[in-house]
Amino acid sequence: MAGAGVAVIGLGYVGLPLAARAVECGLTVIGVDVSRVVVDGLRAGRSHVDDISDAQVQRMLDQGFRPLLTDDAPTADVHVICVPTPLGADGGPDLTAVRSAGAWIARKLKPGALVILESTSYPGTTEDVLLPILQESGLQGGRDFHLAFSPERIDPGRSTHSYRTVPKVVGGLTPACRDAAVAFYSPLVDTVITTRGLREAEMAKLLENTYRHINIALVNEMARFCDLLDIDIWDAIDAAATKPFGFQRFEPGPGVGGHCIPIDPQYLGHYVQERTGEQFRFVHLAQEINAAMPDYVVSRVERMLQERGRSLNTARVLLLGVTYKADVADDRETPARPIAALLTECGAQVLVHDPLLPEWSPPDLEVTPVAIDAIGDCDVAVLLQAHRTFDLPVIAEAVPVLLDTRGVLPRTSAGVERL
Ligand SMILES: NC(=O)c1ccc[n+]([C@@H]2O[C@H](COP(=O)([O-])OP(=O)(O)OC[C@H]3O[C@@H](n4cnc5c(N)ncnc54)[C@H](O)[C@@H]3O)[C@@H](O)[C@H]2O)c1
527 MAGAGVAVIG
537 LGYVGLPLAA
547 RAVECGLTVI
557 GVDVSRVVVD
567 GLRAGRSHVD
577 DISDAQVQRM
587 LDQGFRPLLT
597 DDAPTADVHV
607 ICVPTPLGAD
617 GGPDLTAVRS
627 AGAWIARKLK
637 PGALVILEST
647 SYPGTTEDVL
657 LPILQESGLQ
667 GGRDFHLAFS
677 PERIDPGRST
687 HSYRTVPKVV
697 GGLTPACRDA
707 AVAFYSPLVD
717 TVITTRGLRE
727 AEMAKLLENT
737 YRHINIALVN
747 EMARFCDLLD
757 IDIWDAIDAA
767 ATKPFGFQRF
777 EPGPGVGGHC
787 IPIDPQYLGH
797 YVQERTGEQF
807 RFVHLAQEIN
817 AAMPDYVVSR
827 VERMLQERGR
837 SLNTARVLLL
847 GVTYKADVAD
857 DRETPARPIA
867 ALLTECGAQV
877 LVHDPLLPEW
887 SPPDLEVTPV
897 AIDAIGDCDV
907 AVLLQAHRTF
917 DLPVIAEAVP
927 VLLDTRGVLP
937 RTSAGVERL
């Protein structure tokens, strides 16, 4: 099989939009994935990623995009690794997919090729983990092939930025590696930012997500204290956010989810602990506070019921929106899981409604999906995600009482309480 221009390895939330943008810019692109379901779906013109439509996939195919299983894929000039970097059973980094993608590339690598890691990981992953695997090809990084790290900054569901408008950060093993990666990304994005080296680019991504994790923890903890002190946290946030400098708005919620915010700071904490023997206290504390939010939500549900003479162990509790964020059909690390599990443990019957995941009923949870016209048949509802498709005033009207964990319903709505 002839060589391809660009091989995007891992066709998920990160890889597919990159492949789409590269095709749009006229590059010859293959997509490489270990999942037959993913590859067959894309070949049939079906997208499994929210931000890419079926029509877009069909256009990509028409323009020569080829989704392939790893065994069938040819060599390429540019390889971009976009595979998952989850946590292992010990809570530390699991780089299995990065290693196996690297080994796959090493078997095909040719002189002059460029390899870029986009998967989020701790500083040193590109040089200490990926480089030795690639060098099993017999080629030497920085001399025979280029190696770079460029973190993906995609935010699924966000419509205010496109792939093109989000600046791309790039660090190289050598200045020539960096320049090769800059040359690759320059047609795809308006701005490419370079870092001094690989580790700075890797750390930039962890800094972005740890910053977010910590600030969410700050408002989550503040929300709990504001409730005790009878202060409206949402009003305070609205007021603080009017400052034109020095403040960025973060909002409380039922807990953090997704593939990035709950996981990336763990990579950082683990790395710091391993290299310095010290605990990254901010990371640890934020983790603790955010992980306690599902318990807090359940305690607020219990209080709302008690105020109405009801108890949790006989209640029917409806969870509205079970994805990890609004407008995305993705339930990875969703706070809906621990909340549903805790409610069941307390004896409550858990109903769920989510138009993005209408059949959501994981085998390890006792939850019953209900249609929109049946949402009134509960004792209390909890708005976990405010999807755009929710008609919130109608929902608030239909349920007896509602805990709004997103602060989106007017405070004046009858029976509505904010987190
Ligand atoms: N999802 C986000 O919002 C986001 C944002 C920025 C960065 N990231 C990071 O990007 C990386 C990818 O995340 P994602 O959300 O796209 O994951 P994903 O699970 O949506 O997609 C990953 C894809 O890689 C495939 N895959 C797994 N192992 C493979 C291998 N060895 N070879 C080829 N394909 C393989 C999987 O089948 C899957 O289709 C992670 O490191 C993540 O932390 C994610």
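Each residue of the sequence shown is one higher than the one before, starting from 527 at the first, in the numbering used here. Using N, Cα and C, we set each Cβ at its ideal position, and we do this for glycine too.
Nearest-angstrom Cα separation, counted from residue j out to residue i
i: residue 875; j: residue 938; result: 28 Å
i: residue 936; j: residue 659; result: 56 Å
i: residue 614; j: residue 622; result: 9 Å
i: residue 848; j: residue 594; result: 32 Å
i: residue 527; j: residue 671; result: The predicted model places residue 527 with a pLDDT of 42, which falls under 50 and marks its position as unreliable, so this point remains unresolved.
i: residue 886; j: residue 878; result: 8 Å
i: residue 598; j: residue 559; result: 10 Å
i: residue 932; j: residue 586; result: 37 Å
i: residue 544; j: residue 730; result: 20 Å
i: residue 909; j: residue 892; result: 19 Å
i: residue 711; j: residue 734; result: 20 Å
i: residue 723; j: residue 605; result: 19 Å
i: residue 770; j: residue 819; result: 30 Å
i: residue 583; j: residue 789; result: 29 Å
i: residue 894; j: residue 857; result: 16 Å
i: residue 617; j: residue 845; result: 28 Å
i: residue 633; j: residue 532; result: 16 Å
i: residue 780; j: residue 889; result: 22 Å
i: residue 759; j: residue 778; result: 9 Å
i: residue 638; j: residue 655; result: 21 Å
i: residue 601; j: residue 861; result: 41 Å
i: residue 725; j: residue 546; result: 28 Å
i: residue 635; j: residue 713; result: 24 Å
i: residue 941; j: residue 649; result: 49 Å
i: residue 697; j: residue 678; result: 13 Å
Whole-number beta carbon distance between residue j and residue i, since they are thought to touch under 8 Å
i: residue 930; j: residue 944; result: 5 Å
i: residue 918; j: residue 896; result: Incorrect: roughly 17 Å between the Cβ atoms, too far for contact.
i: residue 555; j: residue 534; result: 6 Å
i: residue 763; j: residue 750; result: Actually they do not touch by this definition, with Cβ atoms about 14 Å apart.
i: residue 920; j: residue 907; result: Actually they do not touch by this definition, with Cβ atoms about 12 Å apart.
i: residue 834; j: residue 927; result: 7 Å
i: residue 646; j: residue 786; result: 7 Å
i: residue 740; j: residue 808; result: 5 Å
Cβ-heavy atom distance, residue i to ligand 1, below 7 Å
i: residue 791; result: no
i: residue 685; result: no
i: residue 656; result: no
i: residue 785; result: yes
i: residue 788; result: no
i: residue 679; result: yes
i: residue 559; result: yes
i: residue 539; result: yes
i: residue 642; result: no
i: residue 645; result: yes
i: residue 630; result: yes
i: residue 626; result: yes
i: residue 564; result: yes
i: residue 861; result: no
i: residue 593; result: no
i: residue 609; result: yes
i: residue 727; result: no
i: residue 596; result: yes
i: residue 835; result: no
i: residue 659; result: no
i: residue 772; result: no
i: residue 650; result: no
i: residue 682; result: yes
i: residue 902; result: no
i: residue 536; result: yes
i: residue 623; result: yes
Beta-carbon spacing of residue i, residue j below 8 Å
i: residue 718; j: residue 690; result: no
i: residue 536; j: residue 642; result: no
i: residue 682; j: residue 736; result: no
i: residue 707; j: residue 674; result: yes
i: residue 747; j: residue 651; result: no
i: residue 752; j: residue 824; result: no
i: residue 667; j: residue 661; result: yes
i: residue 575; j: residue 542; result: yes
i: residue 773; j: residue 766; result: yes
i: residue 794; j: residue 732; result: yes
i: residue 591; j: residue 567; result: no
i: residue 855; j: residue 883; result: yes
i: residue 811; j: residue 827; result: no
i: residue 539; j: residue 680; result: yes
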